[in-house]
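Here's the structure, in structure tokens; my notes come after.
Protein chains: 2
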Amino acid sequence: MLVCYLCCMARIKTDSHTSRREVIIAKAALLFREKGFKAASMRDLAESVGVEAASLYNHIKSKTELLHELCFGVANRFMQKIEEVEQEKIPAAEKIEKILRFHIHEMIHHYEEVYVSDREWKHLLDPYLSNFQNQRRIYRKRLAAIIEAGIRAGEIEPIDAPTAVLILLHAVSGIESWHRSRHKISAEELENNMITILVGGLRPRK
Amino acid sequence: MLVCYLCCMARIKTDSHTSRREVIIAKAALLFREKGFKAASMRDLAESVGVEAASLYNHIKSKTELLHELCFGVANRFMQKIEEVEQEKIPAAEKIEKILRFHIHEMIHHYEEVYVSDREWKHLLDPYLSNFQNQRRIYRKRLAAIIEAGIRAGEIEPIDAPTAVLILLHAVSGIESWHRSRHKISAEELENNMITILVGGLRPRK
DNA sequence: AAATATGCCTAACGTATGTTAGTTTGTTAT
DNA sequence: ATAACAAACTAACATACGTTAGGCATATTT
């Protein structure tokens, strides 16, 4: 597609702090999120960047590489955060809340990447695929461990920790519906509502 | 009936209660779930059914039709259930629990279809797509209405109902992780754990 | 046994996709 | 101004996909 206003070649717009590669990756996140990895074509991506499909390959190696970049970018951020929180000297219940708030925040403010990492990692290819799955498994085990510590300390209701992890993580990913919905409540309201419900539960306290 | 095991054409196996069409749809659910709709090819599906790709078209109209069938099959079951529960003369909190248990049960025992309906409906085409989205929106509104009734009756903690709906529905879809996990707890345990956590919350009652 | 209908096969079409090769244009440094 | 580099272009390839057409094989009905 030609976006040439008078005579010349298209160029990917960047400011000095974002490389063209990063622009492409960001656009890819958007596209993968709204169409899914398989359904989003390199020609689609090229168009949304304002360039011909072949030109993308001056900046990236392959379509799959874009997925790597997105998935591991997100995974690393979460891994770093949980390590940070683990080492703080605060009650387990507070650790959970901190991690939960981080998840919510990421899901709200880095929606595209987080969503893609969450739903499209299946399409990674095998050295990366098993790597990613491993990281995911480890992350969940760590989260479960914190919950179990909280239960032992009497700060958390005695429940099945792996089930709790599963509920927490997936509940947060429900923010997708918030993004899609037309009349949104504010991001802060959403965050606080989610924390209230997830930590407090539905049943009224007497 | 003659079944020739040495020299003749493949045939889709059925018992008298399942049509070949239904066999194909069931296999499609499995395939769409594990690869995603776009990544699953008709040739994949044909192989898993034990037949050539072209032969499928004696029983179905198109690939998309398979998705229709799955998505609306699931959607209708949920719609029917919520209508049924709405009309019962029981407290709102019990209605919510009933619906929640239905969701959990469906997600456990009709995993493939429910999962596909939940994650792949984006690939429906437009008369069906908007129809599906509408049904979904309506369903969630109804669920929120029940929760709000429960709040007014003092049976449920005063929280933001749409947020609660979003959390409940997505939390249930976390059962996906249970299906994928190697050492599963039993289905009954899972169901009860989920109800406990979702209805009761994490914070201990004093 | 013959006739009809159903189900499957092979072959192929048209289209879309990811990617490569080679060339031209634009920018930066000498 | 010119050389060197980066980034865009055009053209094309190979492959995979959904789907159709037409013929043979099997099952069912007469």
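Respectively, the protein sequence lines represent chains A and B. Letter 29 of the first sequence, counting from 1, is numbered 29 in my numbering, and no numbers are missing. Remember, my numbering sits 206 above the position in the second sequence when you count from 1. Every residue, glycine too, gets a C-beta built ideally from N, C-alpha and C.
Beta-carbon proximity list for residue i, same chain, < 8 Å, skipping 5 on both sides
| i | result |
| --- | --- |
| S48 (chain A) | K27, L30 and L31 |
| A297 (chain B) | The sequence given here has Pro at residue 297 (chain B), not Ala. The residues are G356, A359 and E361. |
| E292 (chain B) | K301, R348 and I352 |
| K412 (chain B) | Any reading at K412 (chain B) needs caution, since the residue's pLDDT is 48, under 50, leaving its predicted position unreliable; the model's value is listed next. None. |
| L262 (chain B) | I230, M248, L251, A252 and V255 |
| L190 (chain A) | I104, I108, I175, W178 and K184 |
| I195 (chain A) | E97, L100, R101 and I104 |
| K35 (chain A) | D44 |
Rounded distance between the beta-carbons of residue j and residue i, thought under 8 Å
| i | j | result |
| --- | --- | --- |
| E97 (chain A) | V199 (chain A) | 6 Å |
| E312 (chain B) | V322 (chain B) | Not really, about 12 Å apart at Cβ, beyond 8 Å. |
| S379 (chain B) | H170 (chain A) | 6 Å |
| M285 (chain B) | Q341 (chain B) | 7 Å |
| R239 (chain B) | I266 (chain B) | Not really, about 18 Å apart at Cβ, beyond 8 Å. |
| I314 (chain B) | A246 (chain B) | Contact flag wrong, Cβ pair sits at about 23 Å. |
Contact set for residue i: own chain, Cβ-Cβ below 7 Å, skip 5 residues either direction
| i | result |
| --- | --- |
| V51 (chain A) | A10 and I12 |
| L374 (chain B) | L306 and L404 |
| A350 (chain B) | A367, P368 and V371 |
| F243 (chain B) | L273, E326 and H329 |
| P364 (chain B) | I357 |
| D118 (chain A) | S173 |
| T220 (chain B) | R226 and V229 |
| R140 (chain A) | V165 |
| K269 (chain B) | M248 |
| A93 (chain A) | G150, E155 and I156 |
| E148 (chain A) | A161 |
| C4 (chain A) | Since pLDDT at C4 (chain A) reaches only 40, below the 50 mark, its modelled position is unreliable, and no value is offered. |
Counted within 10 angstroms of its Cβ, other Cβ atoms place residue i as buried (16 or more) or exposed
| i | result |
| --- | --- |
| A260 (chain B) | exposed |
| H223 (chain B) | exposed |
| I138 (chain A) | exposed |
| N193 (chain A) | buried |
| K95 (chain A) | buried |
| R249 (chain B) | exposed |
| L6 (chain A) | In this predicted model, L6 (chain A) has a pLDDT of only 48, less than 50, meaning its place in the structure is not dependable enough to derive any value. |
| E69 (chain A) | buried |
| K89 (chain A) | exposed |
Cβ shell of residue i (< 6 Å), same chain only, five flanking positions each side left out
| i | result |
| --- | --- |
| K287 (chain B) | F308 |
| Y111 (chain A) | H179 |
| L335 (chain B) | none |
| I332 (chain B) | Ile is not the amino acid found at residue 332 (chain B); the sequence shown has Asp there. Correct list: empty, nothing qualifies. |
| R77 (chain A) | none |
| N58 (chain A) | none |
Residue i Cβ short of 7 Å to the ligand FAD heavy atom set
| i | result |
| --- | --- |
| R307 (chain B) | This structure lacks the ligand FAD, and indeed carries no ligand of any kind. |
Check whether the stretch 381 to 395 of chain B and the stretch 328 to 345 of chain B are in contact - that is, three or more C-beta pairs closer than 8 Å.
no
Can you confirm whether the stretch 157 to 164 of chain A touches the stretch 71 to 81 of chain A when touching is taken to mean that 3 or more C-beta pairs between the two stretches lie within less than 8 Å?
no
Using Cβ-Cβ distances below 9 Å, what residues of the stretch 157 to 184 of chain A are close to chain B?
E157, P158, I159, D160, P162, T163, A164, V165, L166, I167, L168, L169, H170, A171, V172, S173, G174, I175, E176, S177, W178 and S181
Could you list the residues in the stretch 37 to 54 of chain A with a C-beta less than 7 Å from some C-beta on chain B, going in chain order?
K38 and A39
Contact list for the stretch 320 to 345 of chain B against chain A, Cβ threshold 8 Å:
R325, K328 and H329
Closer than 8 Å between beta carbons: that is the criterion. Which residues of the stretch 57 to 85 of chain A meet it against chain B?
none
Give, in chain order, every residue of the stretch 287 to 317 of chain B whose Cβ lies closer than 7 Å to some Cβ of chain A.
none
Cβ-based contacts, 8 Å cut-off: residues of the stretch 397 to 408 of chain B near chain A
N399, M400, T402, I403, L404, V405, G406, G407 and L408
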